[in-house]
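Everything on this sheet refers to the single structure shown next.
Residue numbers (this note's numbering): 1 to 492.
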């Protein structure tokens, strides 16, 4: 119900941006399908292990001798599947289309969800780990193909707003998983198999809705299906005269067709792609190495360490999810008003400040200062707010704004797995850091955030309102990001 309320608000935010293009039913349908079946699915499976963590650890102990490494490994293995899915996703999408890739991807989610549901009756920890790998594969494909699909069907003036839907869906999935994982609902010894099995239901719904969605007109034109492309574009725009947009896409497609599609190796070796590729990689790392994965995956145990009991810990985790949804909804508007670069700087800088306060608070918590517990919780929530302003949503779609159609698949095949590798590293080491250096857990992340802030300030150009050709000119002319802010729109 909460998700059902939030999504109309999301669409309303897009409508109120003084956009010239009308938002059509088909465009909303694609947005809903990508929101619910792809990004929400990812967020749900990322967080579903969070709220019932004590119960799941008890299950691990009952089934086999408990290894302190096994639990974080079971959580983190999701990212290994995601890394593989992010690598193969763009190549499958190039072969069979964006819509068909998402359609086939639901098979992984249905299988993974059913296996998780039967983990407890089968009393097999290995089954849970294998299912997490399958769901990671599903999430990896979703995180690269769904944004690609949305960016290709969106009008230019809605590209940024629709681009943020990926992060909006992720945080909505986090919230849904945390709510359903409450002890009063499915976060119980009997309920957690149903909690895990819900992902199969979500996948089945997307499987039913996707056939009614238009395929990407760009993909159809790339494959010489001009008539189908025009029909689909008319459905997406809501009017008959789409000739100008078709011609613009054709010119882009022809320009890309005259250049051989770039392989991953060629992308790595070509100097023309070096700057946008480095920016893409660093942006992905800034999202995961910000340490947010530790908060989102282990927030229940974090709040319990702050003095909350096992009943209030999951409730506080729901607060993190709710705040993430609200802030991402606000970012939908801000991303087209303030731009990508500025929001990244605000978000990264805000996280540095918040983590500093968290660290000081945790030091005083260890000295039994009651006020410090409140400050630690508030500053943790504030760090989530800062994350959702920039580092959360922007890295997901900015890669598509830095590369041409001929190189986007290779670029995403590098950027996507990089994001997942960072996710895996943080998910694996964060519990150990929490145990070994508890009050100072966030200091390493602060250092990284400062480095990401400096990189963004000096090297990342603003992409708002610019075509890929104009952004490419920025790199060719060797403008610093600060120069781009002063010069505004760059001509070729």
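Here a beta-carbon is modelled for each residue, glycine too, at the ideal position from N, C-alpha and C.
Nearest-angstrom Cα separation, counted from residue 367 out to residue 100: In this structure, the CA atom of residue 100 is about 57 Å from the CA atom of residue 367.
Assumed close pair residue 187, residue 55 - CB separation to whole angstroms, cut-off 8 Å: 7 Å
Same chain, Cβ closer than 7 Å to residue 60, five either side skipped, listed in chain order: 66, 70, 71, 125
Contact set for residue 359: own chain, Cβ-Cβ below 7 Å, skip 5 residues either direction: Cβ contact annotation for residue 359 (same chain, cutoff 7 Å, sequence separation greater than five): 439, 440, 442, 443, in chain order.
6 Å CB neighbourhood of residue 413 in its chain, flanking five on each side removed: 87, 90, 264
Range of the contiguous alpha helix (DSSP H) that encloses residue 442: Where residue 442 is concerned, there is no enclosing alpha helix (DSSP H), given that its DSSP letter is neither H nor E.
Complete runs of the alpha helix (DSSP H) confined to the stretch 74-154 [at least 4 residues]: Counting whole runs of 4 or more residues, the stretch 74-154 contains the alpha helix (DSSP H) stretches 98-117, 119-122, 125-153.
Other residues of its chain near residue 94: CB distance less than 7 Å, five sequence neighbours each side excluded: 409
Limits of the alpha helix (DSSP H) - the one that residue 45 falls within: Note, residue 45: alpha helix (DSSP H), 40-47.
Rounded separation between residue 253 and residue 322 - CA only: 41 Å
Status (buried if at least 16 other CB within 10 Å, exposed otherwise) for residue 458: exposed
Spatially closest choice to residue 221 from 214, 230, 83, by CA coordinates: The candidate whose alpha carbon is nearest that of residue 221 is 230.
Segment limits, alpha helix (DSSP H) that includes residue 355: 340-365
Per-residue burial, residue 278 [other beta carbons within 10 Å of its own, 16 or more giving buried]: exposed
Beta-carbon proximity check, residue 219 vs residue 26, cutoff 7 Å: no
Segments assigned alpha helix (DSSP H), at least 4 residues, entirely inside the stretch 368-404: 370-389, 394-402
Residue 398, buried or exposed, once every other Cβ within 10 Å from all chains shown has been counted against 16: Here residue 398 is buried. Its C-beta has 16 or more other C-beta atoms within 10 Å.
Test item: CB-CB of residue 304 and residue 313 under 7 Å: yes
Range of the contiguous alpha helix (DSSP H) that encloses residue 170: 165-180
Distance between residue 373 and residue 393 (C-alpha atoms, nearest Å): Roughly 29 Å between the two C-alpha positions.
The stretch 39-55 contacting the stretch 173-186, beta-carbon criterion three pairs below 8 Å: yes
Own chain partners of residue 120 with C-beta closer than 8 Å, once the 5 adjacent residues on each side are dropped: Counting only residues of its own chain and dropping the five nearest sequence neighbours on each side, residue 120 has a CB closer than 8 Å to the CB of 59, 192, 193.
Distance CB(residue 301)-CB(residue 384) smaller than 7 Å: No, the pair does not count as a contact, with Cβ atoms beyond the cut-off.
Of the listed residues 78, 261, 34, 407, nearest to residue 422 (C-alpha basis): Minimum Cα distance to residue 422 is reached at 78.
Residues of its chain near residue 285, where Cβ-Cβ distance is below 6 Å and the 5 sequence neighbours each way are ignored: Hits under 6 Å: 422.
Cβ pair residue 33, residue 206 closer than 7 Å: yes
Nearest candidate by alpha-carbon position, reference residue 462, set 135, 337, 169: 337
Distance between residue 391 and residue 21 (C-alpha atoms, nearest Å): With a pLDDT of 47 at residue 21, under the threshold of 50, the modelled position of this residue cannot be trusted, and the question is left open.
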